[in-house]
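Residue numbers (the UniProt record's numbering): 12 to 151. Ideal placement from N, C-alpha and C gives every residue a C-beta, glycine not left out. Note that this is a predicted model, so its numbers are computed, not measured.
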Ligand code: CMP
């Protein structure tokens with residue numbers, strides 16, 4: 012089925028100037044960018060986005076990292092978009108990410124891991140709505 016998923020190009024990848032290379036991976040693999048913007052996350056916005064991880068030991072470092080510089084947020088659309096994007100990203104820890112994946116090629120640590128992607132339909136819907144109004148998403 013055609014799905015939508017939510018994606019973030021994280022501060023490390025924006026700083027490395029590889030936004031376009033990452034967008035290109037999406038486009039070359041059948042995912043359409045149907046919404047996109049660059050934003051700087053406030054502490055509150057980052058904490059809310061990652062609320063499910065609030066009790067994890069890595070939460071403070073995660074929020075600090077995600078607010079350390081601008082990010083690009085996207086909605087990606089395509090056949091099986093949620094799983095396809097997770098395959099393109101590779102494992103959360105870049106040391107475990109398969110060769111040729113975004114994280115293997117651009118990430119440097121488990122925090123500075125270049126991209127975020129929704130892991131399930133429910134999280135995709137919640138994450139898209141957390142960043143985009145319906146009229147910012149362009150059917151195409
Ligand atoms: P992301 O997909 O954005 O979701 C939560 C983030 O927490 C994850 O990517 C990692 O960048 C970061 N993180 C840091 N440490 C861990 C860990 N031990 N397990 C999972 N995620 C971690």
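Residue 121 beta carbon near ligand 1 (any heavy atom closer than 7 angstroms): yes
C-beta atoms of residue 48 and residue 84 nearer than 8 angstroms: yes
In chain order, each beta strand (DSSP E) run of at least 3 residues that lies wholly inside the UniProt domain "Nucleoside diphosphate kinase-like" (13–150): 13–20, 43–50, 82–90, 126–128
Spatial neighbours of residue 92 in its chain, beta-carbon cut-off 7 angstroms, leaving aside the 5 residues before and after: 14, 15, 16, 42
Integer-rounded CB distance, given that residue 151 should sit under 8 angstroms from residue 128: That pair is no contact at about 20 angstroms.
Own chain, CB closer than 7 angstroms to residue 111, minus 5 neighbours either side, in chain order: none
CB-CB length for residue 45 against residue 148, believed under 8 angstroms: 6 angstroms
Rounded separation between residue 21 and residue 126 - CA only: 5 angstroms
Distance between residue 89 and residue 75 (C-alpha atoms, nearest Å): 32 angstroms
Exposure label - residue 124; buried when at least 16 CB within 10 Å: buried
Buried/exposed call for residue 135, threshold 16 Cβ in 10 Å: buried
Close-in-space but distant-in-sequence residues of the same chain around residue 86 (CB under 8 angstroms, 5 per side omitted): 15, 16, 17, 18, 44, 45, 46, 47, 139, 143, 148
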